[in-house]
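Only one structure is covered here, and it is reproduced in the block below.
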Amino acid sequence: MEPPFPVEVYPDRGVIVEFDPDLTFECVEDCTWCCHHGVLLYDRDLLELAQRANLSETMTQFRGEPFVTREAKDRDTHVAEDGQACAFLRDDGLCSLHLEQDWKPTRCSVFPLGVWLEDDGLHVDIRDSAHDHCEGLGVSERRVVDNLGAFLPELLWDLENPDSDRVL
């Protein structure tokens, strides 16, 4: 099957897939590239995060949008060039929200996909930055197209602007 093509992810909730259906993805140890950047929080994410952490310490505003705080880390690995990473990234390179609370913000679940809304529905593709930096593409047997429910939380279909790669 050649992209673009439709895939039903949840009953009556589908996407238009814009990437190669044979593409595989699995997070790899010590990568954490996706954790170096700000994580946009949707409204439902804010409610979930408030149950797990102090929002005044772990959330910031950037151009009027809520984001998980990035903070300086006292190490050379698992950080961006500026020495910062997501506030929830532990010293071992693992996410405390995901491992200790069994939850992650929508934008974290979606990575390495880019999501956007067009007149014909929700579209997904592999983010350009993931092609450039993500070490988990093409390293496993886990086809992304067969596991879209793991990447795309159902709340994406309810958002006015689910664009995961928008410029702020």
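So the sequence shown is numbered by this note's numbering: it starts at 256 and just counts up by one. Think of the CB as a built atom: it goes at the ideal place given N, C-alpha and C, for glycine as much as any other residue. Fair warning: this is a prediction, and the values are worked out from it, not measured in the lab.
Just curious, the beta strand (DSSP E) that residue i is in, first and last residue?
{"i": "T315", "result": "M314 to F317"}
{"i": "A340", "result": "Q339 to C341"}
When you compare the CB positions of residue i and residue j, do they come within less than 7 Å of one another, or not?
{"i": "V262", "j": "L407", "result": "no"}
Count the other C-beta atoms from every protein chain shown that fall within 10 angstroms of the C-beta of residue i, then say buried if there are 16 or more, exposed otherwise.
{"i": "L423", "result": "Any answer about L423 is weak, because its pLDDT of 42 lies below 50 and its placement is not dependable; what the coordinates show is given next. Exposed: under 16 other Cβ atoms inside 10 Å."}
{"i": "A424", "result": "The requested residue 424 is not part of the displayed model; the chain covers only 256 to 423."}
{"i": "D413", "result": "exposed"}
If you drop the 5 nearest sequence neighbours on each side, which residues of the same chain put their C-beta closer than 6 Å to that of residue i?
{"i": "G348", "result": "D285, T287 and H333"}
{"i": "G377", "result": "The amino acid at residue 377 is misidentified as Gly; the sequence shows Leu. Closer than 6 Å at the Cβ level, and outside the excluded window around L377, lie V270."}
Taking just the CA atoms, how far does residue j sit from residue i?
{"i": "M256", "j": "V399", "result": "14 Å"}
{"i": "P359", "j": "P259", "result": "Looking at the sequence provided, one finds Lys at residue 359 rather than Pro. Cα to Cα, K359 sits roughly 28 Å from P259."}
{"i": "V370", "j": "V379", "result": "5 Å"}
Where do the N-terminal and C-terminal ends of the alpha helix (DSSP H) with residue i fall, by residue?
{"i": "L414", "result": "That residue, L414, is in no alpha helix (DSSP H); it is neither H nor E in DSSP."}
{"i": "Q306", "result": "No alpha helix (DSSP H) holds Q306; DSSP gives it neither H nor E."}
{"i": "E355", "result": "S351 to Q356"}
Residues in the same chain with beta-carbon distance under 8 Å from residue i, minus the five sequence neighbours each way, listed in chain order, please.
{"i": "L410", "result": "Y297, R299 and T361"}
Can you list, in chain order, the residues of its chain with a C-beta nearer than 7 Å to that of residue i? Leave out the 5 residues immediately preceding and following it.
{"i": "V272", "result": "P258, P259, F260, V262, V379 and V400"}
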